[in-house]
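Residue numbers (this note's numbering): 1112 to 1326.
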């Protein structure tokens, strides 16, 4: 990445970055036994909030989940024969088509930020897991106006709909819990970035290349 260093990382930003990584791992592929073991032992703050209840539900689900069953569930949801029940790509949710203009704009922004595509990665860069991985890195390494610009341009317009689709998908059981948790997390992210947007000078608000928004 070629972004300005973030001198201090708050405990809250570190936690947010970690959650982005967990969500990325769950949407990148079906969870490994190692990830399930981690989720099964995760400490949840019992504060009575909806998101705490979702973390508890995910923790309980991870304690009994079988990797082969989750592999089948993930396949039916996101891969399928021909295509899965859901398409976890920003371009699809923004325009209704894959590999569309939003992906081209995303690639320009990723290049400007210094992210390079790994040769072994086959999925387009607008896969939800890839976007969450970028957000995690930006939270730890980039100034806030770059975090804001990337979130606004590449996630805010569609991520809630995607998470809600996962939560109610007919092939989702374990992933219904993942979708609900992700939806609640991104609702909180929306508030954080709305507040940041109001506090950020207009000249910095984009944070990335000044290209027109995808329609």
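Here a beta-carbon is modelled for each residue, glycine too, at the ideal position from N, C-alpha and C.
Which residues DSSP lists as bridging residue i, in chain order
{"i": "residue 1238", "result": "1200"}
Exposure of residue i, with buried meaning 16 or more beta-carbon neighbours within 10 Å
{"i": "residue 1214", "result": "buried"}
{"i": "residue 1171", "result": "exposed"}
{"i": "residue 1299", "result": "exposed"}
{"i": "residue 1258", "result": "buried"}
{"i": "residue 1302", "result": "exposed"}
{"i": "residue 1191", "result": "exposed"}
{"i": "residue 1247", "result": "buried"}
{"i": "residue 1239", "result": "buried"}
{"i": "residue 1232", "result": "exposed"}
{"i": "residue 1264", "result": "buried"}
{"i": "residue 1202", "result": "buried"}
{"i": "residue 1309", "result": "exposed"}
{"i": "residue 1120", "result": "exposed"}
{"i": "residue 1153", "result": "exposed"}
Contact under 8 Å by Cβ, residue i with residue j
{"i": "residue 1196", "j": "residue 1280", "result": "yes"}
{"i": "residue 1283", "j": "residue 1277", "result": "yes"}
{"i": "residue 1200", "j": "residue 1141", "result": "no"}
{"i": "residue 1261", "j": "residue 1220", "result": "yes"}
{"i": "residue 1295", "j": "residue 1165", "result": "yes"}
{"i": "residue 1127", "j": "residue 1250", "result": "yes"}
{"i": "residue 1205", "j": "residue 1268", "result": "yes"}
Whole-number beta carbon distance between residue j and residue i, since they are thought to touch under 8 Å
{"i": "residue 1228", "j": "residue 1236", "result": "7 Å"}
{"i": "residue 1266", "j": "residue 1162", "result": "The pair is not a contact, with the Cβ atoms about 18 Å apart (cut-off 8 Å)."}
{"i": "residue 1143", "j": "residue 1178", "result": "7 Å"}
{"i": "residue 1289", "j": "residue 1146", "result": "With 8 Å as the limit, residue 1289 and residue 1146 do not qualify as a contact, their Cβ atoms being about 11 Å apart."}
{"i": "residue 1135", "j": "residue 1151", "result": "The Cβ separation is near 19 Å, so there is no contact."}
{"i": "residue 1256", "j": "residue 1180", "result": "Residue 1256 to residue 1180, Cβ: 43 Å. No contact."}
{"i": "residue 1245", "j": "residue 1273", "result": "At roughly 16 Å, the Cβ-Cβ gap does not stay under 8 Å, so residue 1245 and residue 1273 are not in contact."}
{"i": "residue 1091", "j": "residue 1286", "result": "Given that the chain is displayed from residue 1112 to residue 1326, the structure contains no residue 1091 and the question cannot be resolved."}
Chain C contact for residue i (CB, 8 Å cutoff)
{"i": "residue 1208", "result": "Chain labels in this structure do not include chain C; a single protein chain is all it has."}
Could you give the uninterrupted runs of the alpha helix (DSSP H) lying entirely in the stretch 1132 to 1180, keeping only those of 4 residues or more? 1144 to 1151, 1161 to 1175
Contained alpha helix (DSSP H) runs [length at least 4] in the stretch 1247 to 1272, N- to C-terminal order: 1255 to 1265
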